[in-house]
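At position 215 of the sequence shown the residue is numbered 465 (this note's numbering), and the sequence of numbers has no breaks.
Single-structure report; data block below.
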Amino acid sequence: MKDHQKTLKKRYIFEGKGLHTGLNCRMTLFPAPADHGIVFQRTDLGEEALVEASWRNIAGTARSTLLCKDGVEVMTIEHLLAAFYGLGIDNALVATDNVELPILDGSARPFVEAILADGLQLQNTPRRFLEVSKPFLFEDPETGSSLQVLPADSFTVEVEIDFDSKVLGVQKAHFSDGDDFASAIAPCRTFCFLHELEFLLNHNLIKGGDMDNAIVIVENEVDENTLHRLKSIFNVENLERAPEGYLNNLTLYFENECARHKLLDLIGDFALAGLPLKGKIIARKPGHAINTAALKSMFEKKIL
Ligand SMILES: [Zn+2]
251 MKDHQKTLKK RYIFEGKGLH TGLNCRMTLF PAPADHGIVF QRTDLGEEAL VEASWRNIAG
311 TARSTLLCKD GVEVMTIEHL LAAFYGLGID NALVATDNVE LPILDGSARP FVEAILADGL
371 QLQNTPRRFL EVSKPFLFED PETGSSLQVL PADSFTVEVE IDFDSKVLGV QKAHFSDGDD
431 FASAIAPCRT FCFLHELEFL LNHNLIKGGD MDNAIVIVEN EVDENTLHRL KSIFNVENLE
491 RAPEGYLNNL TLYFENECAR HKLLDLIGDF ALAGLPLKGK IIARKPGHAI NTAALKSMFE
551 KKIL
């Protein structure tokens, strides 16, 4: 039964702001028939406003992954897609009434917990997989990011991050088929550096952010002005830089939570392959841009 396709047992509703747009979004996950795949539906634009979760529809990767088909856009899809992929869900319809999915706590945990509470619906059709045909290397010399993909009998991801950060250091994370996605990867939250946060706030790029959906990394002491501004924006009183170098708005679940989140993002982006993969991915400094560029290139070069 392990190799049968799976869908949801029932519908699930999530509501909240998008991280980048700040727009409120009500999202409903519906079960879907075998071989349907994951499809988004923009209900605010009409019943026919559909976008498949496919690498063919990737339209942007500025801080989150954006899909677009025939002018219908949906963005920040990666955490939900990682949840589906990590749980082995092949088929679902995702109806949203706005362009950006709710960020919730910045991780995939809310989706995973809700769905696992009911278990999954097995379908009467075998699962299909994409096999990596030969070794593949994709590098971005400018950023030092690279993705190496190797043929394998199952799915494995190894991630290493290195942002030249005293706080983060070099972190690694690992996931293989059979690992507990729900507890090891799904809870890991989005992170950003304080200097990025200031830039984003100044440019109105994270309107939906609040203090419980992002880990904030602070390389140096925070000046009083910045702290004051953050406190007022986020409505948090005792905000300061914790000794480990993180803003004390939240407590880390894992010391390498940031690397695990990058792994979560990578799984969400690779879910755009449309089918589960058999292959080993070794990623150095991955991000949405290189993840999706590598995926496209793999299809173009018939690696997948
Ligand atoms: Zn993310």
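Ideal Cβ positions, reconstructed from N, Cα and C, are used throughout, including at glycine.
In this structure GLU323 is in contact with LEU317, their Cβ atoms being roughly 7 Å apart against a cut-off of 8 Å. Taking 8 Å as the cut-off, the beta carbon of ALA282 is found no closer than this to the beta carbon of ARG292.
Judged by DSSP in its simplified three-state form, LEU418 adopts coil rather than helix or strand. In the structure shown, HIS254 falls within a strand segment according to DSSP collapsed to helix, strand and coil. In the same chain as CYS508, and ignoring 5 residues on each side of it, the C-beta atoms closer than 7 Å to its own belong to ILE411, LEU418, GLN421, PHE441, ILE465, in chain order. Short note on GLU328: C-beta closer than 7 Å to some heavy atom of ligand 1.
A residue is listed when its beta-carbon falls short of 5 Å from at least one non-hydrogen atom of ligand 1; in chain order these are THR440, ASP515. Looking at the DSSP output, LYS319 bridges to VAL322. Under the Cβ criterion (8 Å, minimum of three pairs), the stretch 394-401 counts as touching the stretch 540-550. The three-state reading of DSSP puts THR293 in coil, since its state is none of H, G, I, E or B. In this structure, the CA atom of LYS267 is about 21 Å from the CA atom of ILE365.
Note that the C-beta distance between ALA436 and ASN506 is not below 8 Å.
Using a C-beta cut-off of 8 Å, the stretch 302-318 makes no contact with the stretch 482-495, since fewer than three inter-stretch Cβ pairs fall below that distance. A Cβ-Cβ contact shorter than 8 Å links PHE520 with LEU545. Residue state for ALA299 is assigned as coil, using DSSP reduced to three classes. Residue range 262-267 is occupied by the beta strand (DSSP E) that includes ILE263. Fully contained in the stretch 448-498 are the following alpha helix (DSSP H) runs of length 4 or more, in chain order: 474-484. Considering only ARG359, ILE263, SER383, LEU447, the residue with the shortest C-alpha distance to ARG510 is ARG359.
Assigned with DSSP and collapsed to three states, CYS438 falls in coil, not helix or strand. Listed as beta-bridge partners of ASP390 by DSSP are SER395. Residue pairing for SER426: DSSP places it in a beta bridge opposite THR406.
In this structure, ASN341 sits near THR257, with a CB-CB distance shorter than 8 Å.
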